[in-house]
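Sequence lines, in order, name chains A and B. First residue of the first sequence? That's 278 in my numbering, and the numbers climb one at a time after it. First residue of the second sequence? That's 278 in my numbering, and the numbers climb one at a time after it. Note that CB positions come from ideal geometry on N, CA and C, so glycine has one too. Being a predicted model, the structure only gives us computed values, none of them experimental. Reading through the structure tokens given below for one structure.
Protein chains: 2
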Amino acid sequence: MDSEVAKSYQSNVARRPFSGLGCSVCDNGTCLIKRNYVALSESDLPYEKNNIRCKKGHQFIMEGAPVNGLFFVLKGKVKVFRTGINGREQIVRFAKEGEIIGHRGFGTEEYYSIGAIALEDTMLCYFSKSSLQKALYKTPEFTYDMMLFYANELNRSESKVKSLSQMTVRERVIDTLLYINRKFGENKGFLNVVLSRKEYADYAGTTEEQVIRIFSILKKEHLIIAKGKRIGINNIEGLKKEISEHNYFLDS
Amino acid sequence: MDSEVAKSYQSNVARRPFSGLGCSVCDNGTCLIKRNYVALSESDLPYEKNNIRCKKGHQFIMEGAPVNGLFFVLKGKVKVFRTGINGREQIVRFAKEGEIIGHRGFGTEEYYSIGAIALEDTMLCYFSKSSLQKALYKTPEFTYDMMLFYANELNRSESKVKSLSQMTVRERVIDTLLYINRKFGENKGFLNVVLSRKEYADYAGTTEEQVIRIFSILKKEHLIIAKGKRIGINNIEGLKKEISEHNYFLDS
DNA sequence: GCAAAAAACTACAAAAACGCAGTTTCTATA
DNA sequence: TATAGAAACTGCGTTTTTGTAGTTTTTTGC
């Protein structure tokens with residue numbers, strides 16, 4: 278790197294308070310990678326990209342498949358999971374538009390350690406590993422942002438380790454409801470995503486019956502409401518209060 | 278970056294099968310950061326470094342303290358933890374010589390989310406955040422390695438999420454024993470580190486009594502031996518077999 | 001709007017994990 | 001090596017979590 282570039286890089290890095298990594302849809306329908314909500318120019322990022330349409334319920338990343346790239350979510354919602362014993366799913370995270378999927382396979386892993394399924398009709402943008410790597414060495418700031426992004430994901434994940442091992446099932450279910458609320462927001466009093474009780478359980482690390490039981494109790498306590506699969510949060514402060522001592526898992 | 282450098286960077290990145298990040302002690306007693314077990318030259322890494330001696334039991338990173346750098350372990354053993362409700366500790370990982378500590382605070386976090394305590398007399402090398410950042414923009418390959426390092430840590434952590442939510446306590450204790458064995462190795466039939474039952478519990482996400490009970494059972498089953506605080510693994514295949522279905526948490 | 005399928009729910013029994021309190025063993029240090 | 005303090009251990013009752021099996025409600029596709 279010549280000193281000119283180095284200097285501008287240095288000042289950029291020093292100034293930057295937050296590493297937003299995301300994407301959005303261009304006018305022409307293709308994907309634009311953004312750092313800190315500022316798009317990388319095409320010349321900075323000579324990527325070969327590929328838009329992919331996914332029907333609800335379609336699994337577009339298989340656990341154990343060779344890693345050959347990563348995805349940005351242009352539109353829709355996705356769950357990311359690992360399969361454990363007896364085929365039991367552990368949902369690692371949910372993703373919505375603007376977010377990255379498959380970066381877990383972008384380290385030294387040769388095979389995806391996670392699977393990903395579309396929760397509704399979803400539009401993805403796919404980047405091959407090689408084109409991403411080109412972008413990374415062409416734009417060191419991008420590598421730096423990726424590094425920070427991973428660092429934050431690591432913090433998130435380790436918070437979750439603590440939650441799982443120290444919270445009761447009721448607290449984990451509440452934690453999950455608040456996470457879903459932060460992630461997907463509300464619409465007319467209901468969470469902006471429809472999940473099965475089993476999916477709540479798979480994220481909270483418990484069983485479907487347990488989630489059903491706890492939802493029943495939370496309904497009686499007027500903390501939430503439920504109309505079939507649609508869940509609404511009635512008293513968010515009440516929920517937050519219960520897990521405040523755990524300085525709970527923050528991820529939006 | 279000029280094209281000369283870009284080219285060499287590209288080929289380096291493409292060739293590299295594994296991103297080893299670590300350190301070792303120089304002849305003059307100072308620390309040398311290594312990527313892939315090859316030392317970065319002093320000119321690549323104009324760091325201001327500081328060797329620190331830590332007595333057994335001393336906490337050298339406090340949760341909530343402002344992040345101003347990171348540590349490499351030159352000699353000794355360390356536990357990294359988060360404190361939860363009622364002061365209950367969750368041990369996030371253990372570290373031995375050559376490993377990084379405090380990188381969790383190197384993302385966008387302003388304050389350490391973890392604490393670190395020396396398990397025995399330990400020698401650390403401290404790098405200020407600013408000197409590390411200089412190295413990062415001076416050597417993009419170093420940033421890339423840091424990125425890969427974080428990516429692998431993330432995989433590790435998410436494996437642990439699955440383990441905690443799907444394994445029984447007995448399986449988690451066995452998993453912990455195998456992890457300690459991989460991490461610190463054996464000496465004359467005993468694990469090469471002395472941990473209290475509570476520390477095993479804090480890593481496994483359970484209680485001290487539970488670890489004691491399970492150790493007792495494992496002793497009766499001749500899977501382990503225990504002489505006071507020193508634990509030896511008697512039948513590693515037997516232990517591995519029990520958790521093989523979980524494709525357990527790998528980290529050495 | 002109807003019927004079949006899927007998901008949600010409930011009660012009860014069983015299993016797993018936990019916490020307490022008292023005892024024994026080990027370890028560090030004078 | 002004697003001794004005080006810490007850690008390890010044990011048994012037992014309690015709580016939490018899970019699993020089963022049958023019922024009701026909701027969703028989905030025609």
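Using 8 Å as the limit for Cβ to Cβ distance, is residue i near chain B?
i               : result
I378 of chain A : no
H523 of chain A : yes
E435 of chain A : yes
P343 of chain A : no
E386 of chain A : yes
S442 of chain A : yes
V488 of chain A : no
R459 of chain A : no
L413 of chain A : yes
V355 of chain A : no
V438 of chain A : yes
G361 of chain A : yes
R474 of chain A : no
Buried or exposed: which applies to residue i, given that a residue is buried once 16 or more other Cβ atoms fall within 10 Å of its Cβ?
i               : result
H380 of chain A : buried
R330 of chain A : exposed
N432 of chain B : buried
N429 of chain A : buried
K497 of chain A : exposed
E376 of chain B : buried
A342 of chain A : exposed
S493 of chain B : exposed
E463 of chain A : exposed
K437 of chain B : buried
Quick one, which of the options has its alpha-carbon nearest residue i's?
i               : options                        : result
R449 of chain B : A:D452, A:S442, A:I489         : A:S442
V355 of chain B : B:R365, B:E522, B:K332         : B:K332
E522 of chain A : A:K439, A:E485, A:T420, A:I457 : A:K439
I362 of chain A : A:E498, A:G482, A:K518, A:R490 : A:G482
G392 of chain A : A:M424, A:E430, A:F337         : A:F337
G346 of chain A : A:I368, A:A412, A:K352, A:E374 : A:A412
N328 of chain A : A:K352, A:V488, A:I491, A:G341 : A:K352
H335 of chain A : A:M400, A:S390, A:Y388         : A:M400
R359 of chain A : A:S390, A:I513, A:K518         : A:S390
F383 of chain B : B:V369, B:E376, B:S407, B:T453 : B:S407
E514 of chain A : A:F371, A:E485, A:N458         : A:N458
S473 of chain A : A:K518, A:E485, A:F348         : A:E485
I520 of chain A : A:I394, A:D452, A:V357, A:G505 : A:D452
K475 of chain B : B:K465, B:R490, B:E463         : B:R490
K506 of chain A : A:H499, A:D422, A:N512, A:V488 : A:V488
S434 of chain A : B:K504, B:V369, B:F348         : B:V369
V357 of chain A : A:E418, A:I510, A:P417, A:I394 : A:I394
S252 of chain A : A:K504, A:D398, A:I378, A:E418 : In this structure chain A extends from 278 to 529, so residue 252 of chain A is not present and cannot be described.
T340 of chain B : B:V350, B:F349, B:G364         : Residue identity differs from the one stated: residue 340 of chain B is Glu in this sequence, not Thr. Here the closest residue by C-alpha is B:G364.
T385 of chain A : B:K518, B:Y477, B:D422, B:P417 : B:D422
State the CB to CB distance for the pair residue i and residue j, rounded to an integer number of angstroms; the pair is presumed to be in contact (CB under 8 Å).
i               : j               : result
L396 of chain A : V470 of chain A : 7 Å
L495 of chain B : L455 of chain B : 12 Å between Cβ atoms; not a contact.
G479 of chain B : Q367 of chain B : Per the sequence shown, residue 479 of chain B should be read as Asp rather than Gly. Right, their Cβ atoms sit about 6 Å apart.
M424 of chain B : T420 of chain A : 6 Å
V344 of chain B : Y403 of chain B : That belief does not hold up - the Cβ atoms of V344 of chain B and Y403 of chain B are roughly 12 Å apart, past 8 Å.
Y427 of chain A : Y414 of chain B : With 8 Å as the limit, Y427 of chain A and Y414 of chain B do not qualify as a contact, their Cβ atoms being about 18 Å apart.
F541 of chain A : K373 of chain A : Missing from the structure shown is residue 541 of chain A; chain A here goes from 278 to 529 and no further.
Of all Cβ atoms in chain A, is any one closer than 8 Å to the Cβ of residue i?
i               : result
G482 of chain B : yes
Q336 of chain B : no
A428 of chain B : yes
F383 of chain B : yes
N432 of chain B : yes
V446 of chain B : no
D528 of chain B : Confidence is the limiting factor: at D528 of chain B the pLDDT is only 48, short of 50, which leaves the residue's position unreliable, though a coordinate-based value still follows. It does not: the Cβ of D528 of chain B has no partner Cβ on chain A nearer than 8 Å.
L425 of chain B : yes
T420 of chain B : yes
S390 of chain B : yes
V252 of chain B : For residue 252 of chain B there is no data in the structure shown, the boundaries of chain B being 278 and 529.
R365 of chain B : yes
Handout entry: Any beta strand (DSSP E) of 3 or more consecutive residues that is wholly inside the stretch 404-457 of chain A
Key = none
Problem - Continuous beta strand (DSSP E) assignments of at least 3 residues falling wholly in the stretch 335-373 of chain B - result: 336-338, 346-352, 354-360, 366-373
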